[in-house]
Amino acid sequence: MEELEAIANEIKRCTLCDLCNKRNNAVPGEGYDKARIVLLGEAPGKNEDLQGRPFIGMSGRFLTKYLEKVGIKREAVFITNAVKCRPPNNRKPTLHEIETCRPYLLRQLNTINPSIILAFGTSAAASLGLKFKHLSEVRGRKINIKLDDKTFDCFVTFHPSFPMRFPHAREQFLKDIKTCLNIYKNLPTT
Ligand code: URA
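All letters in the sequence shown, in the order written, are residues 4 to 193 by this note's numbering.
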């Protein structure tokens, strides 16, 4: 069995935290298993929980539109979340939930071995081990991180729900995605 599929099957059966009690479906993530870019969100919302797929609701449609603006197709990347089960009422995942779910993310990243991880928002950034008080401290630049003795490049921007709700942030969001893509294009190939 493909490693990513094996991880997904474990996630679907996971009972490591209380989020398993209320979920309809865990959402392991989806996309290209050899993706050079991994997109990392926060946690599934209502639609994602119902269908078991990441970023398919309103913020997902917004994100897909912005990816298309810079020529990224969803099928060419791997999309997942810091936390794989929906927190009740779409509350933010707790640090405990992020930490409990992190081993799944690390295994996915180790399997895919992307050139860059594009992390959306504070929960995604925290799940990569970044320490900050405000997102602006880590947003908009390439950051080298060490996870389980392996280094990855990551780039943090807003969660898509922020520019979706606040149009003034849309230009910066697009600029960030473009900057991330340019950084990725200039990275040495591994
Ligand atoms: N928001 C996220 O962070 N992830 C999803 O999959 C959907 C909405």
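Think of the CB as a built atom: it goes at the ideal place given N, C-alpha and C, for glycine as much as any other residue.
C-beta neighbour in chain B for residue i, strict 9 Å
| i | result |
| --- | --- |
| glycine 34 | The displayed structure is made up of one protein chain only, and chain B is not part of it. |
CB-CB length for residue i against residue j, believed under 8 Å
| i | j | result |
| --- | --- | --- |
| isoleucine 10 | glutamine 111 | 6 Å |
| alanine 127 | alanine 85 | 5 Å |
| isoleucine 186 | lysine 145 | 5 Å |
| threonine 83 | proline 117 | With a Cβ gap of about 11 Å, threonine 83 and proline 117 do not count as contacting. |
| phenylalanine 176 | tyrosine 69 | 7 Å |
| cysteine 183 | isoleucine 119 | 7 Å |
| aspartate 52 | asparagine 12 | So it is not a contact: roughly 18 Å between Cβ atoms. |
C-beta atoms of residue i and residue j nearer than 9 Å
| i | j | result |
| --- | --- | --- |
| aspartate 151 | phenylalanine 81 | no |
| tyrosine 107 | cysteine 23 | no |
| phenylalanine 161 | glycine 132 | no |
| serine 130 | leucine 43 | yes |
| proline 96 | alanine 46 | yes |
Other residues of its chain near residue i: CB distance less than 6 Å, five sequence neighbours each side excluded
| i | result |
| --- | --- |
| valine 159 | Ala122, Ala128, Val141, Arg142 |
| aspartate 179 | Gly143, Thr160 |
Any non-hydrogen atom of the ligand URA within 8 Å of residue i CB
| i | result |
| --- | --- |
| glutamate 100 | no |
| histidine 137 | no |
| phenylalanine 176 | no |
| valine 159 | no |
| valine 30 | yes |
Cβ neighbours of residue i in the same chain (closer than 8 Å, five flanking residues each side left out)
| i | result |
| --- | --- |
| threonine 103 | Leu19, Cys20 |
Alpha-carbon to alpha-carbon, residue j and residue i
| i | j | result |
| --- | --- | --- |
| lysine 49 | cysteine 157 | 27 Å |
| threonine 67 | lysine 153 | 29 Å |
| cysteine 75 | phenylalanine 65 | A quick correction: the sequence has isoleucine, not cysteine, at residue 75. About 13 Å. |
| proline 166 | asparagine 93 | 18 Å |
| asparagine 189 | lysine 25 | 43 Å |
| lysine 136 | asparagine 113 | 28 Å |
| proline 90 | glutamate 33 | 20 Å |
| glycine 63 | leucine 138 | 21 Å |
Nonlocal neighbours in the same chain, by C-beta distance under 7 Å from residue i, ignoring five residues either side
| i | result |
| --- | --- |
| isoleucine 14 | Ala29, Pro31, Lys87, Tyr107 |
| lysine 181 | Val73 |
| isoleucine 59 | Asn50, Glu51 |
Any non-hydrogen atom of the ligand PLP within 8 Å of residue i CB
| i | result |
| --- | --- |
| asparagine 27 | Because the ligand PLP does not appear in the structure shown, any question about it cannot be addressed here, the ligands present being the ligand URA. |
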